[in-house]
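Residue numbers (our numbering): 17 to 240.
Written below as structure tokens is the structure these notes are about.
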């Protein structure tokens with residue numbers, strides 16, 4: 017595990033207790049709608065699903081409704097997050113780093129990542145692992161925060177994430193550094209075009225992206 021991964025792991029262990037509340041407040045309750053929207057096109061029952069960077073299991077719980085407990089696994093490298101996921105009813109969890117997924121080739125029909133890809137220290141390595149673990153025609157679904165390109169939307173982003181997020185971090189989680197990291201990581205992350213390019217490079221196809229929340233959140237679907 018490199019320095020960035022260690023720092024991110026430590027941060028999520030510290031904020032796990034208040035993570036769901038912060039997500040709810042910062043998205044104005046929209047995060048559950050985005051979860052529903054990203055998985056609504058999934059119509060196969062009993063798919064084998066891996067939720068990478070599953071956190072407290074919010075998205076994992078929705079995926080279980082599509083598949084079932086036995087076929088749905090939540091993976092995260094934060095033990096504190098996984099403990100909460102277990103309490104939230106996620107039976108199958110794995111403590112592991114998304115750069116090194118501990119499953120055989122072509123194990124899963126679908127892999128999902130909510131608010132996780134910008135935290136990877138090596139996105140190429142993570143995508144190699146995701147691709148390796150996906151079955152033929154396997155699906156990848158992503159929810160992520162990005163910096164909007166549009167000037168007006170970018171101003172809203174700065175107000176919402178650069179000012180409000182750290183303030184909430186102090187009031188709710190008592191951890192300003194974690195919620196200063198959030199807007200910074202989004203601002204330094206890839207653009208929509210760059211995300212498409214890197215997925216194309218790894219031979220993902222049929223890339224569909226919707227932008228939400230003034231362009232600061234993307235819902236992405238693609239497959240092998």
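Every residue gets a Cβ at the ideal spot worked out from N, C-alpha and C, and that includes glycine.
Just the C-alpha distance for residue 219 and residue 106, rounded to the nearest angstrom, thanks. About 31 Å.
Mark residue 80 as exposed unless 16 or more other C-beta atoms lie within 10 angstroms of its C-beta, in which case mark it buried. Flag for residue 80 reads buried.
Measure the CB-CB distance between residue 127 and residue 160 and report whether it falls below 9 Å. Taking a C-beta distance under 9 Å as the contact criterion, residue 127 and residue 160 do not qualify as a contact pair.
For the segment 91-156, which segments carrying the alpha helix (DSSP H) assignment without a break, of at least 4 residues, lie completely within its bounds, in sequence order? Taken in chain order, the complete alpha helix (DSSP H) segments of 4 or more residues contained in the segment 91-156 are 95-103, 139-149.
My guess is that residue 62 and residue 87 are in contact by the Cβ rule of under 8 Å, so how many angstroms apart are they, rounded? That belief holds up - the Cβ atoms of residue 62 and residue 87 are roughly 6 Å apart, short of 8 Å.
Contact between the segment 43-55 and the segment 222-230: three or more CB pairs below 8 Å? Result yes; three or more Cβ-Cβ pairs closer than 8 Å.
Tell whether a beta-carbon distance below 9 Å holds between residue 114 and residue 158. Contact: no.
Neighbour-count burial assignment, residue 73, 16 or more Cβ in a 10 Å radius: It is buried - the Cβ of residue 73 has at least 16 other Cβ atoms within 10 Å.
As assigned by DSSP and simplified to three states, the class of residue 52: Helix at residue 52.
Buried or exposed: residue 204, going by 16 or more other Cβ atoms within 10 Å of its Cβ? Residue 204 is exposed by the Cβ-count criterion.
Could you work out which residue in 91, 132, 163, 133 is closest to residue 119 when comparing CA atoms only? Of the candidates 91, 132, 163, 133, 91 places its Cα closest to the Cα of residue 119.
For the alpha helix (DSSP H) containing residue 216, name the first residue and the last one. 208-217 is the span of the alpha helix (DSSP H), which, as asked, contains residue 216.
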